[in-house]
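**Student:**
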Amino acid sequence: MALKRMTLDEITATPSQRNRAKLDATTEADIRAHTIEDGHDPDAGIPEPPISPQFIRHRLGLSQEAFAARLHIPVATLRNWEQHRVAMDPATISLLRIVAHDPALAFRALEPIG
1 MALKRMTLDE ITATPSQRNR AKLDATTEAD IRAHTIEDGH DPDAGIPEPP
51 ISPQFIRHRL GLSQEAFAAR LHIPVATLRN WEQHRVAMDP ATISLLRIVA
101 HDPALAFRAL EPIG
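If you count the sequence shown from 1, position 45 lands on 45 in full-length UniProt numbering, and the numbers rise without skipping.
(1) Provide the residue span of the alpha helix (DSSP H) that contains residue 22, from first to last.
(2) Can you name the start and end residues of the alpha helix (DSSP H) that residue 111 belongs to?
(3) Would you identify the three-state DSSP class for residue 87, choosing helix, strand or coil?
(4) Start and end of the alpha helix (DSSP H) containing residue 78?
(5) How about residue 96 and residue 56: do their beta carbons lie closer than 8 angstroms?
(6) Would the stretch 55-73 count as touching the stretch 21-38 if we require 3 or more Cβ pairs under 8 angstroms?
(7) Can you list, in chain order, the residues of its chain whose CB lies under 8 angstroms from that of residue 110, leaving out five sequence neighbours each side?
(8) Are residue 51 and residue 42 touching if we call contact CB-CB under 8 angstroms?
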């Protein structure tokens, strides 16, 4: 399907593809049933937003190099997480939650023993 440039007037003049009557007739019970059919728990709360290493680093006032050194990871790994090139594993997410909650404690725990 080719893309077609349209002006705002053309867009607003184009009839909607939605079945408005069907949408208006959809009840909360229907939505709940569809949610369950899709394999989701309708009673589950809103998921916690993903942890952002960049947000934590900025909040702490650290450069990428300093933050990576404190976490004992390569700077390239931190950059990949911050730029969403590589997904963080569950252990990383847990570590970052600890750093976000209590940075002094987390960094102290990561220091070499002895």
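Note that CB positions come from ideal geometry on N, CA and C, so glycine has one too.
Keep in mind that this is a model prediction, so the values were computed, not measured.
**Tutor:** By the coordinates alone:
(1) As a first step, residue 22 is located in the sequence shown; it is residue number 22 there, counting from the start. Looking at the DSSP string, the run of the alpha helix (DSSP H) that includes residue 22 is 20-25.
(2) Here residue 111 refers to the residue found at position 111 when the sequence shown is read from its first residue. Neither: residue 111 is in no alpha helix (DSSP H) and is coded neither H nor E.
(3) Taking the first residue of the sequence shown as position 1, residue 87 is located at position 87. Note: residue 87 maps to coil in three-state DSSP.
(4) Locating residue 78 in the sequence shown gives position 78, counting from the first residue. 75-82 is the span of the alpha helix (DSSP H), which, as asked, contains residue 78.
(5) Along the sequence shown, one-based indexing puts residue 96 at 96. Along the sequence shown, one-based indexing puts residue 56 at 56. Cβ atoms of residue 96 and residue 56: closer than 8 angstroms.
(6) Proximity of the stretch 55-73 to the stretch 21-38 falls short of the contact definition, fewer than three beta-carbon pairs being nearer than 8 angstroms.
(7) Working through the sequence shown from its first residue, we reach residue 110 at position 110. The residues are 70, 71 and 72.
(8) For the purposes of this step, residue 51 is taken as the residue at position 51 of the sequence shown. For the purposes of this step, residue 42 is taken as the residue at position 42 of the sequence shown. Going by C-beta atoms, residue 51 is not nearer than 8 angstroms to residue 42.
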